[in-house]
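Single-structure report; data block below.
This is how it looks when you write it as structure tokens:
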């Protein structure tokens, strides 16, 4: 044993030196730092060797062999994930391997504003180069992962309409349009569960889908959030006395495209199930994505005897009780029509 000890110690020293060389010489890429961050894409099926060679070509690592050995030592050689990554030049092999193994992919932000429809969201995705508008809309047609989204109404074009939560999302380039939609709808479900919207709807004896439908109109009517409970109160009172809601927001939904500056009398006579001027009750479904404040306004409306409102020039509304008062308010604000 004493005779073998020098050989064992020498072997251990060789291993130590080799490991030190791999981890500190080949694994240290500080000399490659140039102050820039590079985007690299790991394709499905790429091996650790393929990835190492790609990183070497992009001057992000010094030695492909060292990268592979280090990945093996870390037990992550076969766990490097596909996707696009942002890699700062000069970071060590260990840091790069950690990023790739955790799937810390490059992401881009995308914001869905309150009130946006499926079609507006699809157009925004396309305009920002994040997805195909038609694929997103097709995914939204029959996407109903939660029971409260389901409907048999044939007039509803997009069953996901109204259930895309207004928020900012982080997408990566491996996501499909359906993946993006699923993230948005899941966030809606997360938020309403957190705020106990479903429980409040059940207590008010209102189907959640109806709450979302009314909230979508409230969202689009109210420029100022403090007016949402009063507008919700007007809509609910009209429903209670079987009076048509007569919301311009539903006409805008029928017309599509950009917001029309002024709705005409002819517009209000369009024969369409979503036209709340010619049809009593609620439209077939939501007409946009309401935020939490609009949803809460419907469940906690202002108790009011107002039946009408008209927009002031600053975006606030003037509320009235009778049709005669309503016509007078229109004349005072906008002049004779």
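Residue numbers (my numbering): 2 to 338.
Built from N, CA and C at the ideal position, the CB exists for glycine as well.
| Check | Outcome |
| --- | --- |
| Cβ-based burial, residue 178 [other Cβ within 10 Å; buried from 16] | buried |
| Cβ shell of residue 273 (< 6 Å), same chain only, five flanking positions each side left out | 255 |
| Classification of residue 325 by the beta-carbon crowding that lies within 10 angstroms, buried from 16 upward | exposed |
| Three-way DSSP call (helix, strand, coil) for residue 58 in this model | helix |
| Enclosing alpha helix (DSSP H) for residue 253 [first to last residue] | 249-256 |
| Residue 87, enclosing beta strand (DSSP E) - first and last residue | 84-89 |
| Local Cβ density within 10 Å of residue 86, reported as buried at 16 or more and exposed below that | buried |
| Coil, strand or helix - residue 312 by DSSP | strand |
| Residue 218 versus residue 299 - alpha carbon distance | 10 Å |
| Residues near residue 338 in its chain [Cβ-Cβ closer than 7 Å; skip 5 each side] | Low local confidence applies: a pLDDT of 44 at residue 338 is under 50, so the model's placement there is unreliable, and no value is given. |
| Backbone secondary structure at residue 41 - three-state DSSP | strand |
| Three-way DSSP call (helix, strand, coil) for residue 109 in this model | strand |
| Proximal residues to residue 226 (C-beta, below 6 Å), its chain only, five neighbours per side dropped | 294 |
| Inter-residue Cα distance where the pair is residue 133 and residue 307 | 44 Å |
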